[in-house]
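In this note's numbering, the protein residues as written are 121 to 279. Cβ coordinates follow ideal geometry from the N, Cα and C atoms, glycine included. Heads up, the thing below is written out as structure tokens.
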């Protein structure tokens with residue numbers, strides 16, 4: 121990468137907002153990465169979410185919960201309700217990183233994270249353009265703000 125590119129590593133429970141020559145990056149396992157691309161304004165956001173639903177309404181902007189992260193992304197990107205249809209969403213992660221002998225009574229947390237993100241984005245009228253989730257491998261979600269592009273890289277699982 122060149123000197124004028126700013127790489128923003130979006131850690132667990134965090135949000136990154138980028139524009140210009142920024143590159144947003146999150147490394148994901150069962151967490152879900154939610155990328156929002158607002159191409160006409162050249163503003164991009166990435167949330168790295170640990171859990172699907174907050175037990176109570178969280179204060180401020182954050183990304184621990186999917187239900188907190190999506191409204192936080194919209195606020196930080198200054199997206200009005202009327203512009204939701206101009207956004208594109210990308211989902212990655214949500215893998216099953218723990219091997220179970222028997223499937224647990226509840227869906228694995230990665231599946232819950234993805235399902236919650238898809239439902240909330242649909243309810244808000246945000247179009248999901250790419251989904252790379254599930255399975256048993258980690259992923260890295262990158263959003264290149266200058267190129268107006270995203271990429272998902274898979275990591276093979278070795279034991």
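Spatially closest choice to residue i from the options, by CA coordinates
i           : options            : result
residue 214 : 167, 244, 246, 256 : 256
residue 231 : 243, 163, 211, 247 : 211
residue 175 : 247, 181, 188, 266 : 188
residue 126 : 134, 155, 145      : 145
residue 205 : 217, 216, 160, 185 : 160
residue 201 : 243, 173, 234      : 243
Length of the line joining the Cα atoms of residue i and residue j
i           : j           : result
residue 151 : residue 169 : 5 Å
residue 199 : residue 142 : 19 Å
residue 209 : residue 196 : 15 Å
residue 249 : residue 207 : 10 Å
residue 274 : residue 171 : 21 Å
residue 137 : residue 165 : 4 Å
residue 157 : residue 276 : 27 Å
residue 140 : residue 182 : 23 Å
residue 179 : residue 131 : 19 Å
residue 267 : residue 163 : 12 Å
residue 128 : residue 203 : 25 Å
residue 254 : residue 245 : 23 Å
residue 247 : residue 239 : 11 Å
Beta strand (DSSP E) segment containing residue i, residue limits
i           : result
residue 166 : 163-169
residue 129 : 126-129
residue 249 : 247-253
Burial state of residue i, where buried means 16 or more other Cβ atoms lie within 10 Å
i           : result
residue 237 : buried
residue 258 : buried
residue 252 : buried
residue 218 : exposed
CB-CB length for residue i against residue j, believed under 8 Å
i           : j           : result
residue 148 : residue 241 : The Cβ separation is near 17 Å, so there is no contact.
residue 167 : residue 193 : 6 Å
residue 190 : residue 229 : With a Cβ gap of about 17 Å, residue 190 and residue 229 do not count as contacting.
residue 272 : residue 233 : The pair is not a contact, with the Cβ atoms about 15 Å apart (cut-off 8 Å).
N- and C-terminal bounds of the alpha helix (DSSP H) containing residue i
i           : result
residue 194 : 186-196
residue 234 : 229-244
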